[in-house]
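Numbering (the numbering used here), first residue to last: 6 to 237. Each remark here refers to the structure printed beneath this line.
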Ligand code: URA
């Protein structure tokens, strides 16, 4: 990979800003100044900027406990976006799926496009568990209705597992992720969702993360997520 791309990928600046750093002699490779932006960086090379090593990370994986009021997009004119809550080296991160503006909870963010695609594919049935509060008592019959699958107009939901916790509080596990799916399912049984939080996404949960906080996934967690992914 070219030296200027390496540095830009690691967020040392735009392509032209890093070219400037290179030209000014601020970049060393194996402790020797390199002034050629097209220098091909080898795996064994140690790249540094003003003496600080810049190691290369190809993929990054983060788990965010999304707060309400943030939108799952890269940029938006009206609302703050979840990307503002993450400090990372890579600038090509995207959320895996979406949560509504007023939904909180687990959202995975990565630049691993293949994994993103795999996790979102309806074929793979990644379970997502939500905690919901409603404006009206949740009917007992909803458990069977959700399990059977329901007609939501544009699609029929796959079997989903509902656990009623209190009259107006429940946990729901779905295995797909259509637009406003949880809210629409509750609406279908006569309840409007007044609070929604995603507790789990596949094997990932919110343990130890307060609202608005994020963390990197461990190697083991990444392996578990990729477990059933076909290899190239
Ligand atoms: N279902 C919804 O209705 N909203 C979300 O944010 C996620 C799932």
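Where is the CB? At the ideal position from N, CA and C, for every residue including glycine.
For residue 70, the enclosing beta strand (DSSP E) has its first and last residue at 66–71.
Nearest to residue 22 by alpha-carbon distance, out of 42, 179 and 134, is 42. With distances taken between CA atoms, residue 234 lies nearest to 130 out of 130, 73 and 19. Look at which beta carbons fall closer than 5 angstroms to any heavy atom of ligand 1; those residues are 104, 105, 108, 185, 186, 187 and 188. Distance between residue 7 and residue 110, taken at the CA atoms: about 39 angstroms. Three or more Cβ pairs closer than 8 angstroms define a contact, and the stretch 45–55 falls short of that threshold against the stretch 185–196. A straight line joining the alpha-carbon of residue 138 with that of residue 33 spans about 56 angstroms. Taking the C-beta atoms as reference points, residue 166 is found nearer than 8 angstroms to residue 178.
Straight-line measurement puts the Cα of residue 108 at about 5 angstroms from the Cα of residue 201. With contacts defined by Cβ atoms closer than 8 angstroms, residue 219 and residue 183 do not form a contacting pair. The Cβ atoms of residue 64 and residue 146 lie no closer than 8 angstroms to each other. Counting of Cβ neighbours within 10 angstroms places residue 28 among the exposed residues, the total staying below 16.
In the three-state reduction of the DSSP assignment, residue 91 falls in the coil class, being assigned neither a helical nor a strand state. By the CB criterion at 8 angstroms, residue 206 and residue 128 fall outside the cutoff.
Unbroken beta strand (DSSP E) stretches of 3 residues or longer found wholly inside the stretch 97–141: 108–115 and 133–139, given in chain order. One alpha carbon belongs to residue 18, the other to residue 105, and they sit about 32 angstroms apart. Between residue 101 and residue 124, the CB-CB gap stays under 8 angstroms. The beta-carbon distance between residue 91 and residue 84, rounded to whole angstroms, is 16 angstroms. This is too long to meet the 8 angstroms contact definition. One Cα belongs to residue 164, the other to residue 25, and the distance between them is close to 56 angstroms.
Beta-bridge annotation (DSSP): residue 151 is not paired with any residue.
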